[in-house]
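From first to last, the protein sequence lines are chains A and B.
Heads up, the first sequence is in my numbering, so the first residue is 49 and it goes up one at a time.
Heads up, the second sequence is in my numbering, so the first residue is 113 and it goes up one at a time.
Here the structure comes first, spelled out in structure tokens, and everything after it is commentary.
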Amino acid sequence: MTKNINLTLKVWRQKGPNVKGRLETYYANDISTDMSFLEMIDVVNEQLTLEDKEPIAFDHDCREGICGMCGAVINGRAHGPEKGTTLCQLHMRHFSDKDVIVIEPWRARAFKIIKDLVVDRSALDTIIQAGGYVSVDTGGAQDANSIAIPQEIAELAMDAAACIGCGACVAACPNASAMLFTSAKISQLALLPQGKPEAALRAIAMVNVMDKLGFGNCTNEKECEAECPKEISIINIARMNREFLKAGLISTVK
Amino acid sequence: MQLDGKVPGGHISEKWDKYRFDLKLVNPSNKRKFNIIVVGTGLAGGSASASLAELGYNVKTFCIQDSPRRAHSIAAQGGINAAKNYPNDGDSTWRLFYDTVKGGDFRSREANVYRLAQVSSNIIDQCVAQGVPFARDYGGLLANRSFGGAQVSRTFYARGQTGQQLLLGAYSALSRQINAGKVTMFPRREMLDLVVINNQARGIIVRNLITGELESHDADAVVLCTGGYVNVFFLSTNAMACNVTAAFRACKKGAFFANPCFTQIHPTCIPMHGTFQSKLTLMSESLRNDGRVWVPKNPGDKRPANQIPESERDYYLENKYPSFGNLVPRDVASRNAKEQCDVGKGVGETGLAVYLDFEEAIKRDGKNVIEKKYGNLFQMYEKITAANPYETPMMIYPAMHYAMGGLWVDYNLMSNLEGLFVLGEANFSDHGANRLGASALMQGLADGYFVIPYTIGGYLAGTSRKDITSDHPAFKDATQAVNTRINKLLSINGKRTVDDFHRELGQTLWNHCGMARNEAGLKKAKEHIKGLREEFWQNVKVPGDEKDFNQSLERAGRVADFLEFSEIMVDDALERKESCGGHFNEAYQTDENEALRDDENFCHVAAWEFKGENNKPEFHKEPLVFENVKLTQRSYK
Chain A
49 MTKNINLTLK VWRQKGPNVK GRLETYYAND ISTDMSFLEM IDVVNEQLTL EDKEPIAFDH
109 DCREGICGMC GAVINGRAHG PEKGTTLCQL HMRHFSDKDV IVIEPWRARA FKIIKDLVVD
169 RSALDTIIQA GGYVSVDTGG AQDANSIAIP QEIAELAMDA AACIGCGACV AACPNASAML
229 FTSAKISQLA LLPQGKPEAA LRAIAMVNVM DKLGFGNCTN EKECEAECPK EISIINIARM
289 NREFLKAGLI STVK
Chain B
113 MQLDGKVPGG HISEKWDKYR FDLKLVNPSN KRKFNIIVVG TGLAGGSASA SLAELGYNVK
173 TFCIQDSPRR AHSIAAQGGI NAAKNYPNDG DSTWRLFYDT VKGGDFRSRE ANVYRLAQVS
233 SNIIDQCVAQ GVPFARDYGG LLANRSFGGA QVSRTFYARG QTGQQLLLGA YSALSRQINA
293 GKVTMFPRRE MLDLVVINNQ ARGIIVRNLI TGELESHDAD AVVLCTGGYV NVFFLSTNAM
353 ACNVTAAFRA CKKGAFFANP CFTQIHPTCI PMHGTFQSKL TLMSESLRND GRVWVPKNPG
413 DKRPANQIPE SERDYYLENK YPSFGNLVPR DVASRNAKEQ CDVGKGVGET GLAVYLDFEE
473 AIKRDGKNVI EKKYGNLFQM YEKITAANPY ETPMMIYPAM HYAMGGLWVD YNLMSNLEGL
533 FVLGEANFSD HGANRLGASA LMQGLADGYF VIPYTIGGYL AGTSRKDITS DHPAFKDATQ
593 AVNTRINKLL SINGKRTVDD FHRELGQTLW NHCGMARNEA GLKKAKEHIK GLREEFWQNV
653 KVPGDEKDFN QSLERAGRVA DFLEFSEIMV DDALERKESC GGHFNEAYQT DENEALRDDE
713 NFCHVAAWEF KGENNKPEFH KEPLVFENVK LTQRSYK
């Protein structure tokens, strides 16, 4: 049932990348439990604006859990306490009256803070640019049904392709590793016949760029899988390691 | 002025092939000498950027989000149409063409729609080659389903995330070109003006959303792929950043805005809950393939759904439209839901909802089959409403979803301003007065992959342009104007927030320029908007600084543009004295409450020229000529 609750928020405020930030306390009163977490922040921001204070900067866009733009660490958990849920799809009915909620940005060496809860995730784009594609120009494709792909393979590829690139896996990992993100793309394309010709080149290029960008290594903590809002499996990391090893050992690509 | 759509001659099925042959070509080694600006990285912008760069052009691509992968195309759920006829159920290019023209209530340009149907098959081929994991049958071939408004199964899908997968396909092609150095990517930039020199679009002014700096970029042509404007209604299914600013700034610089009153209401959205709701969530209309829409037979029946016996349920779509049933087009489904709620048969706390029931489908196919088809949608519904649709029927209500109107373009997708191309939802051309399901993805990708690569070459090879750079005074003037406006917004320091104004604007438009319209209401809305706009410029409060990451300032600029743009939208609705598709004027309806067109007087595109603030925009007409389909009263009975 809908009800209204009062909350105390401790929110990370930071003017810019090179200045020190700190937690500030705000009160969110009379919050309907039907609201989403971001709508709750909207309410606080409206209030701050009217009090001549600067509202909390936070990234968000589609508010239906698919664009990957939003995300923050809520009481120590990326995207908050609900499993398989982005922050925009986290509803206030999962909180109780008088709760204290700590809200912090993604923290990782490769993600610089831009302002408050907003971080720079362009490193994830750089990883994709290194090889997260099939090299096919527009116009050159054969008929879509000319290669049959077993349904279970297509489904596995789709499981990996569901990644929204939000960066929660990096934020959740004690090593700030981007292995889950990178492996999801490598897996999707390695599973499909269309991606196979470049699989070796792709695995080497993407993994090398990932390492260069300052992301940490995987030490099997499995935090990434636990916090991923799309529940991407760490089986993909195993698949990536296999692709990477295979590429190094038996392919001619260096 | 009568507008010329520049539709080439010949039989409709040969126009595009012949036209492509007639278009001038740019020599491969000359392509690198041309700079093209693409604004927006949704399906249209992403695919255009990648395809143009592959051809050898220098492309600069801009997007408002932190990454080109986040554009709102990503949220499209249901699927993408293509006339592949894989299921052997009678589909063809001609049928897809006909369905789209009819679905658009005969207010689209025939030749454009035919071309769209023609290239639809190439899109699927291209996407599969990119590694888009479409759904497949047990034999490993592509699966199809039927979708709102169609009697054949021509919709390709990737679970309930088709838009995401297609966008990530285009994004991967774009990423490949960024890596190759052919596309320079500028994320977190908002286009705030178009620069026109000698009546040609030659560049843009953007604000760097991190630093607040204004940047000037010049080019030989500008391609706008900036999406639709239904966030003017405040609550819509669009993402929070969707706006009309880029398109409207182009309009202020001389580009005509076509059919702005053609907005689409999507019938299957999660009903509203409270004042602080920030957006409405769409449930894919693919749900209507298996879900049955109903309300209680008796007005005011407040019993829970499971206590209302079969005999007291009104499956109004199935009863009224026996051949299409729950699959009638969006405008028809939406209006019928409103009709039921208006007579008190609406369900849920607010009475503004109807049931979408899966009980029968689950009984027939088993829970597993339904879960496989719609699992993620059911999950999303439960997350938002805390109700389990496997056990109780979903509640749905229509919400603003898509803009059929947009900047006017000719057959080349070029606006009346030379060198300004407009693709995807931002243009007006293919969907007429109502868009059919699974057609937006098709159009965005058709424009970007298969139309612009040809037509832009014809423009670049066929026109002369002065040698200019961003040092040209026109860039300085535009920058200064943008700067003045930003400073004005920051200096007002009034008492109401930007969202507060936006919410009020949205409510006014929803009441008077929404699902049903009438002259008195529209006039009232026009007056109201005028007053609201005046108050905005005196009483809005925008905190923060100009040279900083400032989301309040971003929103203020967008809402200021919505406040101006919405008046043109209302003007357009007032002038179109007929009902068609998404534009339903209560004065023009059949005895059965269907939209009643006036083909004699309104079979045209209404394109509006901006004439200065507080002046009525000037009307220009492009007559629509139908040589291949007969204009009929749409019937889905």
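Yeah, the Cβ is synthetic: ideal placement off N, Cα and C, and Gly gets one too.
Just the chain B side, please: which residues come within less than 7 angstroms of residue i by C-beta, in chain order?
i: D107 (chain A); result: D178
i: C272 (chain A); result: What C272 (chain A) touches in chain B: nothing, since even the nearest Cβ is about 19 angstroms away.
i: D191 (chain A); result: D237
i: L307 (chain A); result: Past the edges of chain A, shown from 49 to 302, lies residue 307 (chain A), and the structure says nothing about it.
Using a Cβ cut-off of 8 angstroms (strictly closer), state whether residue i contacts chain A.
i: E166 (chain B); result: yes
i: Q242 (chain B); result: yes
i: L468 (chain B); result: no
i: A550 (chain B); result: no
i: F490 (chain B); result: no
i: H184 (chain B); result: yes
i: R181 (chain B); result: yes
i: P299 (chain B); result: yes
i: Q273 (chain B); result: yes
i: Y250 (chain B); result: yes
i: Y226 (chain B); result: no
Between the options, which lies nearest to residue i when the distance is taken from Cα to Cα?
i: D305 (chain B); options: B:N697, B:N311 and B:I316; result: B:I316
i: S582 (chain B); options: B:H184, B:L326, B:L155 and B:A282; result: B:L326
i: E471 (chain B); options: B:S390, B:M506, B:I680 and B:L439; result: B:M506
i: G570 (chain B); options: B:M526, B:K607 and B:N546; result: B:M526
i: I564 (chain B); options: B:G121, B:M113 and B:R132; result: B:R132
i: S141 (chain B); options: B:I236, B:G154 and B:L167; result: B:L167
i: L293 (chain A); options: A:L86, A:T133, A:G69 and A:I234; result: A:I234
i: G272 (chain B); options: B:Y433, B:H543, B:Y486 and B:Q452; result: B:Y486
i: E302 (chain B); options: B:F146, B:N320 and B:R288; result: B:N320
i: E291 (chain A); options: A:I162, A:S231, A:N77 and A:A126; result: A:S231
i: G128 (chain A); options: A:V92, A:S84, A:A192 and A:K146; result: A:S84
i: A282 (chain B); options: B:Q312, B:I186 and B:D203; result: B:I186
Who are the neighbours of residue i on chain A, taking C-beta pairs under 7 angstroms?
i: S220 (chain B); result: What S220 (chain B) touches in chain A: nothing, since even the nearest Cβ is about 25 angstroms away.
Step through the CB atoms of chain B and report whether any lies within less than 8 angstroms of the CB of residue i.
i: E275 (chain A); result: no
i: R169 (chain A); result: yes
i: V92 (chain A); result: no
i: Y326 (chain A); result: Any property of residue 326 (chain A) remains undetermined from this structure, which presents chain A solely from 49 to 302.
i: T230 (chain A); result: no
i: P153 (chain A); result: no
i: D82 (chain A); result: yes
Taking C-beta pairs closer than 8 angstroms, name the residues in chain B that residue i reaches, listed in chain order.
i: D259 (chain A); result: Chain B residues near D259 (chain A): none, gap ~17 angstroms exceeds 8 angstroms.
i: L240 (chain A); result: G243 and P245
i: V218 (chain A); result: Near V218 (chain A) there are no residues of chain B at all, since even the closest Cβ is about 14 angstroms away, more than 8 angstroms.
Taking Cβ-Cβ distances shorter than 8 angstroms, what residues in chain A pair up with residue i?
i: Q376 (chain B); result: Those do not exist, as Q376 (chain B) stays about 18 angstroms from chain A at its closest Cβ, beyond 8 angstroms.
i: A538 (chain B); result: Neighbours of A538 (chain B) on chain A: none; closest Cβ ~17 angstroms, over 8 angstroms.
i: L254 (chain B); result: A192 and N193
i: L280 (chain B); result: A209
i: G158 (chain B); result: Under the 8 angstroms cutoff, chain A gives no residues; its nearest Cβ is about 12 angstroms from G158 (chain B).
i: R288 (chain B); result: Q177, Y181 and S183
Which chain A residues sit within Cβ distance under 9 angstroms of residue i?
i: F146 (chain B); result: Under the 9 angstroms cutoff, chain A gives no residues; its nearest Cβ is about 18 angstroms from F146 (chain B).
i: P565 (chain B); result: T186 and G187
Just to confirm, does residue i get its C-beta within under 7 angstroms of one of the non-hydrogen atoms of the ligand COA?
i: F360 (chain B); result: Within the structure as shown, the ligand COA is missing, as the structure has no ligands at all.
Checklist entry - Could you give the uninterrupted runs of the alpha helix (DSSP H) lying entirely in the stretch 664-716 of chain B, keeping only those of 4 residues or more? => result 711-714
Item to check | In chain order, each alpha helix (DSSP H) run of at least 4 residues that lies wholly inside the stretch 390-443 of chain B | outcome: 428-432
Next on the checklist: Closer than 8 angstroms is the cut-off here; do at least three beta carbon pairs connect the stretch 215-224 of chain B with the stretch 171-182 of chain A?
Outcome noted: no
Item to check | Every unbroken alpha helix (DSSP H) inside the stretch 267-321 of chain B [4 residues or more] | outcome: 274-291
Checklist entry - Do the stretch 714-721 of chain B and the stretch 394-414 of chain B make contact, defined as three or more Cβ pairs closer than 8 angstroms? => result no
Next on the checklist: Please give the ranges of any beta strand (DSSP E) in the stretch 490-557 of chain B, keeping only runs that are unbroken, at least 3 residues long and fully inside the region.
Outcome noted: 506-515 and 532-534
Item to check | Whole beta strand (DSSP E) elements within the stretch 128-157 of chain B, 3-residue minimum | outcome: 147-151
Item to check | Any beta strand (DSSP E) of 3 or more consecutive residues that is wholly inside the stretch 449-491 of chain B | outcome: 466-469
Item to check | Inside the stretch 141-222 of chain A only - alpha helix (DSSP H) runs reaching at least 4 residues | outcome: 170-177, 199-209 and 216-220
Next on the checklist: Below 8 angstroms, how does it come out for the stretch 204-224 of chain A and the stretch 182-189 of chain A: are there three or more Cβ pairs, yes or no?
Outcome noted: no
Next on the checklist: Across the stretch 320-336 of chain B and the stretch 490-510 of chain B, are there enough close Cβ pairs to call them in contact, namely three or more that are closer than 8 angstroms?
Outcome noted: no
Next on the checklist: Taking 8 angstroms as the cut-off, does the stretch 115-132 of chain A touch the stretch 90-101 of chain A (at least 3 CB pairs, one atom from each stretch)?
Outcome noted: no
Checklist entry - Any contact of the stretch 427-436 of chain B with the stretch 477-484 of chain B, i.e. 3+ C-beta pairs under 8 angstroms? => result no
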